[in-house]
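Beneath this line is the structure, given in structure tokens, with notes to follow.
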């Protein structure tokens, strides 16, 4: 609100909450049992530039665990738009760190 409006971070993805298989949680030593699953992505958005893919599971933002969409939004609200963030993503049993810079929604 310091700029006269609310600035919202845009990743360019459609997501849903997803419960994780406990074997995956144990194998990757995750802090959460739920994640944010990427369903689709905007080919022109920050997620496409960072190579986030449909099916990727977001489990942390800047090393802070997220266990659902609400937690993801909370962490994004704490990061200034235009500032790079790091997502911890699970892709096919592999834990990846992916950097991207959210932009402001139109």
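Residue numbers (the numbering used here): 237 to 342.
Just so you know, even glycine gets a beta-carbon here, dropped at the ideal spot from N, CA and C.
Run of the alpha helix (DSSP H) containing residue i, from where it starts to where it stops
{"i": "residue 306", "result": "305-313"}
Identified DSSP bridge partners for residue i
{"i": "residue 332", "result": "325"}
{"i": "residue 262", "result": "For residue 262, which the question treats as bridged, DSSP gives no partner whatsoever."}
{"i": "residue 255", "result": "270"}
{"i": "residue 215", "result": "There is simply no residue 215 to check, as the chain begins at 237 and stops at 342 in what is shown."}
{"i": "residue 276", "result": "250"}
Same chain, Cβ closer than 6 Å to residue i, five either side skipped, listed in chain order
{"i": "residue 304", "result": "253, 270"}
{"i": "residue 312", "result": "245"}
{"i": "residue 334", "result": "286, 323, 325"}
Collapsed DSSP secondary structure at residue i in the structure displayed
{"i": "residue 319", "result": "coil"}
{"i": "residue 289", "result": "coil"}
{"i": "residue 244", "result": "coil"}
{"i": "residue 249", "result": "strand"}
Limits of the beta strand (DSSP E) - the one that residue i falls within
{"i": "residue 285", "result": "Not the beta strand (DSSP E): residue 285 falls in the alpha helix (DSSP H), residues 282-285."}
{"i": "residue 297", "result": "293-297"}
Neighbourhood of residue i by C-beta, 8 Å cutoff - its chain only, sequence neighbours within 5 removed
{"i": "residue 276", "result": "249, 250, 290"}
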